[in-house]
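Student: Residue numbers for the sequence shown follow the working numbering, so the first one is 65 and each next one is one higher.
Heads up, the beta-carbon is just placed ideally off N, CA and C, and yes, glycines get one too.
Following this message is one structure expressed as C-alpha coordinates.
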Amino acid sequence: MVHVGPPAPLGNHSSPHFNISHITEKLQTIIYENRLDYFYNPTRLQALIAKLTTIDFLTLSQQWNISQSLVPDLCSLALYDIVFYVDDSGSMVFEENGERIDDLKFILGKAAQVATLFDDDGVQIRFMNSDVYGEGIRTAEHVQNLVQSIRFSGMTPLGTFFKAKVLDPIVVGPAMSGSLSKPVLAVIVTDGEPTREPHDTLRTVITEAKQQLGLTPGGTGSLAIQIGQVGTDLRAQMFLAELDNDPVIGNMIDCTSNYEMESAEIASHGHELSPELWLLKLCVGAIDRSYDDAD
65 MVHVGPPAPL GNHSSPHFNI SHITEKLQTI IYENRLDYFY NPTRLQALIA
115 KLTTIDFLTL SQQWNISQSL VPDLCSLALY DIVFYVDDSG SMVFEENGER
165 IDDLKFILGK AAQVATLFDD DGVQIRFMNS DVYGEGIRTA EHVQNLVQSI
215 RFSGMTPLGT FFKAKVLDPI VVGPAMSGSL SKPVLAVIVT DGEPTREPHD
265 TLRTVITEAK QQLGLTPGGT GSLAIQIGQV GTDLRAQMFL AELDNDPVIG
315 NMIDCTSNYE MESAEIASHG HELSPELWLL KLCVGAIDRS YDDAD
(Lines of atoms letter the chains of each structure in order from A and count residues from 1; the text may use other names and numbers.)
(Lines give C-alpha, C1' and ligand atoms only; values in the text may rest on other atoms or scores of the structure.)
Protein backbone atom coordinates (compact mmCIF):
# COMPACT_ATOMS: atom_id res chain seq x y z
CA MET A 1 0.00 0.00 0.00
CA VAL A 2 1.20 3.52 -0.77
CA HIS A 3 1.55 5.77 2.28
CA VAL A 4 1.95 9.53 1.90
CA GLY A 5 1.50 12.60 4.04
CA PRO A 6 -0.98 15.42 3.43
CA PRO A 7 -0.37 17.52 0.32
CA ALA A 8 1.03 21.01 0.55
CA PRO A 9 -1.22 23.82 -0.72
CA LEU A 10 -0.41 24.83 -4.28
CA GLY A 11 -0.38 28.52 -5.10
CA ASN A 12 -0.85 30.21 -8.46
CA HIS A 13 2.27 32.37 -8.48
CA SER A 14 5.24 31.54 -10.65
CA SER A 15 8.58 30.72 -9.07
CA PRO A 16 11.04 33.45 -10.11
CA HIS A 17 14.07 31.23 -9.51
CA PHE A 18 12.93 28.35 -11.68
CA ASN A 19 14.49 28.23 -15.14
CA ILE A 20 11.65 27.88 -17.66
CA SER A 21 14.22 26.96 -20.32
CA HIS A 22 14.57 23.53 -18.70
CA ILE A 23 10.86 22.92 -19.15
CA THR A 24 10.95 24.23 -22.73
CA GLU A 25 13.78 21.84 -23.55
CA LYS A 26 11.91 18.91 -22.00
CA LEU A 27 8.72 19.66 -23.95
CA GLN A 28 10.65 20.02 -27.21
CA THR A 29 12.32 16.66 -26.58
CA ILE A 30 9.00 14.93 -25.90
CA ILE A 31 7.45 16.47 -29.03
CA TYR A 32 10.38 15.30 -31.16
CA GLU A 33 10.69 11.79 -29.73
CA ASN A 34 6.93 11.11 -29.71
CA ARG A 35 6.26 12.77 -33.07
CA LEU A 36 3.78 15.33 -31.79
CA ASP A 37 4.58 18.00 -34.39
CA TYR A 38 1.08 17.74 -35.84
CA PHE A 39 -0.38 18.87 -32.51
CA TYR A 40 2.29 21.40 -31.50
CA ASN A 41 3.50 23.95 -33.98
CA PRO A 42 5.82 26.66 -32.55
CA THR A 43 2.93 29.03 -31.84
CA ARG A 44 0.94 26.50 -29.84
CA LEU A 45 4.02 25.37 -27.94
CA GLN A 46 4.84 28.95 -26.95
CA ALA A 47 1.26 29.43 -25.72
CA LEU A 48 1.60 26.32 -23.57
CA ILE A 49 4.92 27.47 -22.16
CA ALA A 50 3.39 30.85 -21.32
CA LYS A 51 0.70 29.05 -19.33
CA LEU A 52 3.31 27.02 -17.49
CA THR A 53 5.08 30.19 -16.32
CA THR A 54 2.09 30.90 -14.04
CA ILE A 55 2.69 27.72 -12.01
CA ASP A 56 4.47 27.78 -8.66
CA PHE A 57 7.12 25.18 -9.45
CA LEU A 58 8.76 25.36 -6.05
CA THR A 59 5.53 24.44 -4.31
CA LEU A 60 4.85 21.80 -6.95
CA SER A 61 8.19 20.11 -6.23
CA GLN A 62 7.47 20.25 -2.49
CA GLN A 63 3.97 18.89 -2.95
CA TRP A 64 5.26 15.92 -4.94
CA ASN A 65 8.32 15.50 -2.70
CA ILE A 66 10.62 15.60 -5.74
CA SER A 67 13.63 17.73 -6.56
CA GLN A 68 13.09 20.78 -8.76
CA SER A 69 15.22 19.08 -11.41
CA LEU A 70 12.38 16.57 -11.93
CA VAL A 71 9.61 19.16 -12.31
CA PRO A 72 10.15 19.47 -16.10
CA ASP A 73 9.43 15.74 -16.34
CA LEU A 74 6.08 16.28 -14.63
CA CYS A 75 5.32 19.19 -16.94
CA SER A 76 5.49 16.89 -19.96
CA LEU A 77 1.96 15.83 -18.96
CA ALA A 78 0.81 19.23 -20.22
CA LEU A 79 1.20 17.96 -23.79
CA TYR A 80 -1.50 15.31 -23.36
CA ASP A 81 -5.14 14.83 -22.49
CA ILE A 82 -5.17 12.26 -19.69
CA VAL A 83 -7.72 9.45 -19.53
CA PHE A 84 -7.74 6.87 -16.74
CA TYR A 85 -9.18 3.43 -17.45
CA VAL A 86 -9.81 1.75 -14.11
CA ASP A 87 -10.19 -1.93 -13.29
CA ASP A 88 -13.31 -2.16 -11.10
CA SER A 89 -13.39 -5.96 -10.85
CA GLY A 90 -14.22 -7.68 -7.57
CA SER A 91 -10.61 -8.52 -6.75
CA MET A 92 -9.82 -4.82 -6.40
CA VAL A 93 -11.85 -4.62 -3.20
CA PHE A 94 -11.70 -8.18 -1.87
CA GLU A 95 -7.94 -8.78 -2.10
CA GLU A 96 -5.37 -7.32 0.34
CA ASN A 97 -8.02 -5.87 2.69
CA GLY A 98 -9.11 -3.25 0.21
CA GLU A 99 -5.68 -1.58 0.05
CA ARG A 100 -5.85 -1.64 -3.75
CA ILE A 101 -8.73 0.84 -3.61
CA ASP A 102 -6.69 3.15 -1.36
CA ASP A 103 -3.81 3.03 -3.83
CA LEU A 104 -6.24 3.73 -6.66
CA LYS A 105 -7.55 6.84 -4.91
CA PHE A 106 -4.00 8.06 -4.31
CA ILE A 107 -3.03 7.63 -7.96
CA LEU A 108 -6.14 9.26 -9.38
CA GLY A 109 -6.20 12.10 -6.85
CA LYS A 110 -2.60 13.19 -7.35
CA ALA A 111 -2.78 12.86 -11.12
CA ALA A 112 -6.01 14.86 -11.33
CA GLN A 113 -4.53 17.59 -9.19
CA VAL A 114 -1.41 18.06 -11.29
CA ALA A 115 -3.23 17.67 -14.63
CA THR A 116 -5.51 20.55 -13.69
CA LEU A 117 -2.48 22.83 -13.39
CA PHE A 118 -1.77 22.26 -17.08
CA ASP A 119 -5.28 21.87 -18.48
CA ASP A 120 -8.49 23.34 -17.07
CA ASP A 121 -10.37 20.27 -18.33
CA GLY A 122 -8.85 18.02 -15.63
CA VAL A 123 -8.79 14.28 -16.35
CA GLN A 124 -11.32 11.78 -17.67
CA ILE A 125 -12.01 8.51 -15.85
CA ARG A 126 -13.61 5.40 -17.32
CA PHE A 127 -14.32 2.20 -15.41
CA MET A 128 -14.00 -1.24 -16.96
CA ASN A 129 -17.31 -2.78 -15.84
CA SER A 130 -19.35 0.15 -14.55
CA ASP A 131 -21.00 2.67 -16.88
CA VAL A 132 -20.25 5.42 -14.35
CA TYR A 133 -17.63 7.82 -15.71
CA GLY A 134 -15.87 11.01 -14.71
CA GLU A 135 -15.31 14.13 -16.81
CA GLY A 136 -13.27 17.13 -15.73
CA ILE A 137 -12.01 15.48 -12.55
CA ARG A 138 -9.76 18.03 -10.86
CA THR A 139 -9.32 17.19 -7.18
CA ALA A 140 -8.76 14.29 -4.80
CA GLU A 141 -12.24 15.00 -3.40
CA HIS A 142 -13.79 14.52 -6.84
CA VAL A 143 -11.91 11.22 -7.13
CA GLN A 144 -13.08 10.09 -3.69
CA ASN A 145 -16.71 10.78 -4.52
CA LEU A 146 -16.47 9.04 -7.90
CA VAL A 147 -14.74 5.91 -6.60
CA GLN A 148 -17.19 5.62 -3.71
CA SER A 149 -20.04 5.50 -6.23
CA ILE A 150 -18.56 2.39 -7.88
CA ARG A 151 -19.53 -1.17 -6.96
CA PHE A 152 -16.36 -3.16 -7.50
CA SER A 153 -17.46 -6.55 -8.80
CA GLY A 154 -17.20 -8.96 -11.69
CA MET A 155 -14.36 -10.19 -13.86
CA THR A 156 -11.56 -8.44 -15.79
CA PRO A 157 -12.39 -8.02 -19.51
CA LEU A 158 -9.57 -5.50 -19.73
CA GLY A 159 -9.05 -5.27 -23.49
CA THR A 160 -12.68 -5.54 -24.57
CA PHE A 161 -13.81 -2.44 -22.72
CA PHE A 162 -10.55 -0.52 -23.20
CA LYS A 163 -11.44 -0.55 -26.89
CA ALA A 164 -15.13 0.24 -26.33
CA LYS A 165 -14.72 2.96 -23.69
CA VAL A 166 -11.36 4.58 -24.44
CA LEU A 167 -9.68 3.68 -27.73
CA ASP A 168 -12.62 4.00 -30.12
CA PRO A 169 -14.59 6.95 -28.67
CA ILE A 170 -11.76 9.06 -27.21
CA VAL A 171 -8.77 8.42 -29.48
CA VAL A 172 -9.27 6.56 -32.76
CA GLY A 173 -12.70 7.97 -33.67
CA PRO A 174 -11.72 11.63 -33.17
CA ALA A 175 -8.34 11.07 -34.85
CA MET A 176 -9.97 9.60 -37.95
CA SER A 177 -12.51 12.43 -38.13
CA GLY A 178 -9.82 15.09 -37.69
CA SER A 179 -11.18 16.37 -34.39
CA LEU A 180 -8.44 15.12 -32.03
CA SER A 181 -6.82 18.34 -30.79
CA LYS A 182 -4.31 16.84 -28.35
CA PRO A 183 -2.59 13.47 -28.09
CA VAL A 184 -4.03 11.18 -25.43
CA LEU A 185 -2.25 9.54 -22.53
CA ALA A 186 -4.37 6.56 -21.49
CA VAL A 187 -3.49 5.27 -18.03
CA ILE A 188 -4.75 1.77 -17.24
CA VAL A 189 -4.88 0.92 -13.54
CA THR A 190 -5.40 -2.79 -12.90
CA ASP A 191 -4.65 -5.47 -10.32
CA GLY A 192 -4.71 -8.62 -12.41
CA GLU A 193 -4.47 -10.29 -15.78
CA PRO A 194 -7.58 -10.34 -18.00
CA THR A 195 -10.47 -12.77 -17.57
CA ARG A 196 -13.63 -13.37 -19.61
CA GLU A 197 -11.74 -12.63 -22.83
CA PRO A 198 -8.82 -14.18 -24.76
CA HIS A 199 -5.48 -13.57 -23.06
CA ASP A 200 -4.15 -11.41 -25.90
CA THR A 201 -7.23 -9.20 -26.37
CA LEU A 202 -5.60 -6.10 -24.87
CA ARG A 203 -2.58 -6.51 -27.13
CA THR A 204 -4.85 -7.02 -30.15
CA VAL A 205 -6.98 -3.91 -29.60
CA ILE A 206 -3.90 -1.74 -29.00
CA THR A 207 -2.29 -3.11 -32.17
CA GLU A 208 -5.44 -2.33 -34.16
CA ALA A 209 -5.57 1.19 -32.74
CA LYS A 210 -1.92 1.76 -33.64
CA GLN A 211 -2.59 0.66 -37.22
CA GLN A 212 -5.63 2.94 -37.51
CA LEU A 213 -3.84 5.93 -36.00
CA GLY A 214 -0.98 5.41 -38.44
CA LEU A 215 -3.40 6.42 -41.20
CA THR A 216 -4.38 9.72 -39.54
CA PRO A 217 -2.59 13.11 -39.67
CA GLY A 218 -1.43 12.84 -36.05
CA GLY A 219 -0.04 9.36 -36.59
CA THR A 220 0.72 6.83 -33.87
CA GLY A 221 1.97 9.62 -31.61
CA SER A 222 -1.69 10.42 -30.96
CA LEU A 223 -1.74 7.74 -28.25
CA ALA A 224 0.52 6.72 -25.38
CA ILE A 225 -0.47 4.02 -22.90
CA GLN A 226 0.67 3.69 -19.32
CA ILE A 227 -0.31 0.58 -17.35
CA GLY A 228 0.00 0.76 -13.58
CA GLN A 229 -0.38 -2.27 -11.34
CA VAL A 230 -2.00 -2.11 -7.92
CA GLY A 231 -1.75 -5.20 -5.75
CA THR A 232 0.97 -7.82 -5.75
CA ASP A 233 -0.32 -10.44 -8.20
CA LEU A 234 2.78 -11.96 -9.83
CA ARG A 235 0.84 -13.32 -12.81
CA ALA A 236 -0.45 -9.81 -13.48
CA GLN A 237 3.10 -8.50 -13.31
CA MET A 238 4.22 -11.09 -15.88
CA PHE A 239 1.29 -10.23 -18.16
CA LEU A 240 2.15 -6.53 -18.06
CA ALA A 241 5.84 -7.23 -18.68
CA GLU A 242 4.88 -9.11 -21.86
CA LEU A 243 3.05 -6.02 -23.13
CA ASP A 244 5.90 -3.70 -22.17
CA ASN A 245 8.36 -5.81 -24.15
CA ASP A 246 6.09 -6.54 -27.11
CA PRO A 247 7.93 -5.93 -30.42
CA VAL A 248 4.89 -4.30 -32.08
CA ILE A 249 3.29 -2.14 -29.38
CA GLY A 250 5.94 -2.01 -26.66
CA ASN A 251 7.22 1.36 -27.90
CA MET A 252 3.90 3.05 -27.10
CA ILE A 253 3.40 1.34 -23.72
CA ASP A 254 5.08 1.57 -20.34
CA CYS A 255 4.18 -0.72 -17.45
CA THR A 256 4.84 0.07 -13.81
CA SER A 257 4.61 -2.61 -11.13
CA ASN A 258 2.96 -1.76 -7.82
CA TYR A 259 4.83 0.42 -5.35
CA GLU A 260 6.00 -2.38 -3.07
CA MET A 261 7.43 -4.39 -5.97
CA GLU A 262 9.16 -1.41 -7.57
CA SER A 263 10.49 -0.23 -4.19
CA ALA A 264 11.94 -3.66 -3.40
CA GLU A 265 13.67 -3.77 -6.78
CA ILE A 266 15.18 -0.31 -6.26
CA ALA A 267 16.23 -1.21 -2.69
CA SER A 268 18.09 -4.26 -3.98
CA HIS A 269 20.35 -1.82 -5.82
CA GLY A 270 20.92 0.30 -2.72
CA HIS A 271 18.45 3.08 -3.51
CA GLU A 272 15.15 4.29 -2.08
CA LEU A 273 11.93 4.88 -3.99
CA SER A 274 9.41 7.33 -2.56
CA PRO A 275 5.70 6.95 -3.33
CA GLU A 276 5.82 10.24 -5.21
CA LEU A 277 8.72 9.14 -7.43
CA TRP A 278 6.85 5.92 -8.14
CA LEU A 279 3.78 7.93 -9.13
CA LEU A 280 5.90 10.25 -11.29
CA LYS A 281 7.17 7.22 -13.16
CA LEU A 282 3.63 5.87 -13.48
CA CYS A 283 2.43 9.18 -14.93
CA VAL A 284 5.21 9.92 -17.42
CA GLY A 285 6.78 6.54 -18.20
CA ALA A 286 4.83 6.14 -21.43
CA ILE A 287 5.68 9.60 -22.77
CA ASP A 288 9.25 10.11 -21.52
CA ARG A 289 11.68 7.54 -22.91
CA SER A 290 14.21 8.15 -20.15
CA TYR A 291 11.79 6.54 -17.67
CA ASP A 292 10.80 3.61 -19.86
CA ASP A 293 14.44 2.90 -20.76
CA ALA A 294 15.34 2.84 -17.06
CA ASP A 295 13.11 -0.20 -16.41
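How would you call residue 191, buried or exposed, if buried means at least 16 neighbouring beta carbons within 10 angstroms?
Tutor: Position 127 of the sequence shown, counting from 1, holds the residue named residue 191. It counts as buried.
Student: Grab the span of the beta strand (DSSP E) containing residue 187 for me, first residue to last.
Tutor: Position 123 of the sequence shown, counted from the start, is the residue given in the question as residue 187. Per DSSP, residue 187 belongs to the beta strand (DSSP E) from 187-191.
Student: In terms of residues, what are the limits of the beta strand (DSSP E) holding residue 197?
Tutor: Translated into positions along the sequence shown, residue 197 becomes position 133. That run of the beta strand (DSSP E) goes 197-201.
Student: For residue 290, which residues does DSSP report across the bridge?
Tutor: Taking the sequence shown and counting its residues from 1, the one referred to as residue 290 is at position 226. The partner list for residue 290 (beta bridge, DSSP) reads 251, 318.
Student: Tell me residue 150's beta-bridge partners as DSSP assigns them.
Tutor: Here the question's residue 150 lines up with position 86 in the sequence shown. Paired residues: 191, 253.
Student: Output needed for residue 157: all residues of its chain with C-beta closer than 7 Å, excluding positions within five of it in sequence on either side, in chain order.
Tutor: Residue mapping note: residue 157 aligns to position 93 of the sequence shown, counting from 1. Within the same chain, residue 157 has close Cβ partners 165, 216.
Student: Looking only at its own chain, which residues have a Cβ that is under 7 Å from the Cβ of residue 312, when we skip the five neighbours before and after it?
Tutor: Numbered from its first residue, the sequence shown carries residue 312 at position 248. The residues are 271.
Student: Assess, as a yes-or-no matter, whether the segment 206-223 is touched by the segment 137-153 under the definition of 3 or more beta carbon pairs within less than 8 Å.
Tutor: These segments touch.
Student: Indicate the three-state DSSP secondary structure (helix, strand or coil) for residue 143 in the structure shown.
Tutor: Taking the sequence shown and counting its residues from 1, the one referred to as residue 143 is at position 79. Helix at residue 143.
Student: Residue 145: buried (16+ other C-beta within 10 angstroms of its C-beta) or exposed?
Tutor: Along the sequence shown, one-based indexing puts residue 145 at 81. Buried, by the Cβ-count rule.
Student: For residue 149, count neighbouring Cβ atoms within 10 angstroms of its own Cβ and tell me buried if that reaches 16, exposed if not.
Tutor: By 1-based counting over the sequence shown, the position of residue 149 is 85. Residue 149 should be labelled buried.
Student: Would you tell me roughly how many angstroms separate the C-alpha atoms of residue 261 and residue 225, rounded to the nearest one?
Tutor: Along the sequence shown, one-based indexing puts residue 261 at 197. Along the sequence shown, one-based indexing puts residue 225 at 161. Roughly 10 Å separates the two Cα atoms.
Student: Hey, quick one: how far does the alpha helix (DSSP H) through residue 238 stretch, first residue to last?
Tutor: Position 174 of the sequence shown, counted from the start, is the residue given in the question as residue 238. Counting along the chain, the alpha helix (DSSP H) containing residue 238 begins and ends at 237-241.
Student: Excluding the five sequence neighbours on either side, which residues of its own chain have a C-beta within less than 7 Å of the C-beta of residue 236, listed in chain order?
Tutor: Taking the first residue of the sequence shown as position 1, residue 236 is located at position 172. Within the same chain, residue 236 has close Cβ partners 273, 276, 277.
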